[in-house]
Amino acid sequence: MNLELTIKETDKKKFDKGSLIKEMHNFAERYAEKTNTFFCLDPSITSVIIAGLADYKQKYELPLCQCRNFRSERVVIELNFWICPCVAMRERKECHCKLFVRPNESNIVQPQKIPLITVYKNLIFNLYK
Ligand code: SF4
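Throughout, the numbering used here is defined as the position within the sequence shown, counted from one, plus 38.
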């Protein structure tokens, strides 16, 4: 078996968008549970953020915060501030994207789970609206 081909296949699988969305979805659920934060009232927000994190993970292997405009994404990676969970979230449970919502914030209703199918439905809906 050609080793180079095998490696390429492994890389392809590793950076497959569907796998990355699943990975970021798992991360979001586990991290919400760990930090006692919740998902937003509007599941489309949660879905879009999860997908955005997956996009960055595909591009850089790191989930940069997807709701910020970075002048230089490479500099942001070096600074290690906006890699999700960002420093504000890690230190103060502040997620300005509303992926993770604290219990005392008004727009929570969801538990710390969002079905993967809901994420996909919202992404498809956003594509065709
Ligand atoms: Fe993640 Fe922080 Fe962005 Fe929230 S604000 S999505 S915790 S990087």
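The beta-carbon is built from N, C-alpha and C at its ideal position, and this holds for glycine as well.
By DSSP's criteria, residue i is part of a beta bridge. Which residues make up the other side?
i, result
"I121", "L102"
"V139", "F76"
Sorted by chain position, which residues of the same chain lie with C-beta nearer than 8 Å to residue i's C-beta, five sequence neighbours on each side aside?
i, result
"F108", "L102, V114 and W120"
Take residue i and list the residues in its own chain whose beta-carbon comes closer than 6 Å to its own, dropping the five residues that flank it on each side.
i, result
"H132", "Looking at the sequence shown, residue 132 is not His but Glu. Answer for E132: A126, listed in chain order."
"G90", "Q104"
Quick check on residue i: buried or exposed, where buried means 16 or more other Cβ atoms within 10 Å of its Cβ?
i, result
"I155", "exposed"
"I162", "exposed"
"V160", "Strictly speaking, residue 160 in this sequence is Asn, with Val absent from that position. Result: buried."
"K95", "buried"
Quick one: residues in its chain with C-beta nearer than 7 Å to the C-beta of residue i, no 5 flanking neighbours on either side, listed in chain order?
i, result
"L137", "A66, T84 and I87"
"A70", "F76, F77, F138 and Q150"
Alpha carbon to alpha carbon, how far is residue j from residue i? Give it in angstroms, no decimals.
i, j, result
"M62", "A92", "6 Å"
"I45", "S110", "With a pLDDT of 49 at I45, under the threshold of 50, the predicted position of this residue should be treated as unreliable, though the coordinate-derived value follows. Each residue's alpha carbon lies about 30 Å from the other."
"N164", "N142", "29 Å"
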